[in-house]
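Those letters in the sequence shown? Residues 1 to 69, per UniProt numbering, in order.
In this text, a Cβ means the ideal position worked out from N, Cα and C, and glycines have one as well.
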Amino acid sequence: MKKNMGSLDRTFRIIVAIVLIALYATGTITGVWGIVSLVLAGVFLLTSLISTCPLYLPFGIRTNQSKKR
């Protein structure tokens, strides 16, 4: 898969994931919304680590600065 996420996008996703995990850990978000937030945090972390967002692909969105090949 081609990388389509820039460093700013990756950093933002990691910060959001950490906040969601912290909210769940402190009990601020519980129940179904807590599980949804953990899943979303996991997706954000995974996409940040691989630098590819599958939802960007069909729309041709690229937030990285590399040349399009």
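Is T47 buried or exposed, if buried means 16 or more other CB atoms sit within 10 Å of its CB?
Buried, by the Cβ-count rule.
How about S51 and K2: are their beta carbons less than 7 Å apart?
With contacts defined by Cβ atoms closer than 7 Å, S51 and K2 do not form a contacting pair.
I'd like the list of long-range same chain contacts for G6, defined as Cβ closer than 7 Å, with 5 residues on each side in sequence excluded.
If you ignore the 5 residues before and after G6, its C-beta comes within less than 7 Å of the C-beta of T63, N64, Q65, all in its own chain and listed in chain order.
Could you check the C-alpha separation between G60 and G31 for me, to the nearest Å?
If I take the Cα positions, the gap works out to 36 Å.
Could you tell me whether the Cβ atoms of Y24 and L40 are closer together than 7 Å?
Not in contact: Y24 and L40 (Cβ atoms no closer than 7 Å).
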